[in-house]
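What follows is a short report on a single structure.
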């Protein structure tokens with residue numbers, strides 16, 4: 018059992034690595050990942066990762082990922098990852114990656130849910146969140162972790178996460194201000210959501226299309242999403 022678990026997790030992480038390319042020490046440190054593993058019957062393991070990155074270098078290659086693995090009876094593994102990438106320089110390479118991987122392995126009445134949301138924003142200069150924006154983001158962090166204690170259906174969980182995603186988009190649109198002495202250009206926001214849901218009875222997979230809103234800018238921003246699902 019342990020050998021099979023290790024093999025499947027390595028396969029999932031290898032797929033993660035293929036999606037992001039060969040990681041350097043710097044890029045690995047910049048990655049945001051939520052990894053949930055559950056092998057205990059009748060339990061739920063819920064992992065959350067939330068990160069805000071300020072990027073001023075020539076390369077924007079941050080990776081946001083969620084991996085959920087369930088191998089048990091009447092159990093659940095949930096992984097949720099949110100990442101905000103503020104591109105404050107003038108990069109020549111913009112290749113952020115958003116990945117969600119959910120695996121059910123030899124289990125009965127189990128569910129594995131992986132949800133990854135990545136926001137990439139070109140600001141044209143140094144920025145920070147105003148007081149209200151910082152408060153909203155702090156509240157969102159608390160709400161994400163409080164989801165662990167709530168007995169939500171899959172639909173309710175999806176609704177909560179989509180609501181949080183919309184609030185983050187609003188903060189990016191209305192609560193970012195330039196650092197004193199620095200000017201910013203017009204902004205472009207690219208939002209990539211990669212939810213993956215798998216269940217044994219019945220098997221279901223949900224992958225909504227990414228949503229993108231933008232305005233003209235001198236800083237190109239793109240995101241890509243990869244979703245891999247393996248059922249029993």
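Residue numbers (this note's numbering): 18 to 249.
Glycine included, every Cβ here is placed at the ideal spot set by N, Cα and C.
Apart from the 5 residues on each side of it in sequence, residue 109 sits with its Cβ closer than 7 angstroms to the Cβ of 75 in its chain, given in chain order.
Straight across, the Cα-Cα distance linking residue 144 with residue 169 is about 36 angstroms. For the pair of segments examined, the segment 76-85 was found not to touch the segment 146-155: the number of CB pairs separated by less than 8 angstroms stays below three. Sorting 67, 128, 97 by C-alpha distance to the C-alpha of residue 57 places 128 at the top. Under the 8 angstroms Cβ criterion, the segment 115-126 does not count as touching the segment 171-181, having fewer than three qualifying pairs. The continuous beta strand (DSSP E) containing residue 103 extends over residues 90-104.
Residue 49 is positioned such that its CB atom lies closer than 8 angstroms to that of residue 66. Here DSSP, grouped into helix, strand and coil, assigns residue 175 to helix.
The C-beta separation of residue 97 from residue 83 comes to about 6 angstroms, placing the pair in contact by the 8 angstroms criterion. Only exposed fits residue 59, as fewer than 16 other CB atoms lie within 10 angstroms of its CB. Around the CB of residue 190, fewer than 16 other CB atoms lie within 10 Å, so the residue is classed as exposed.
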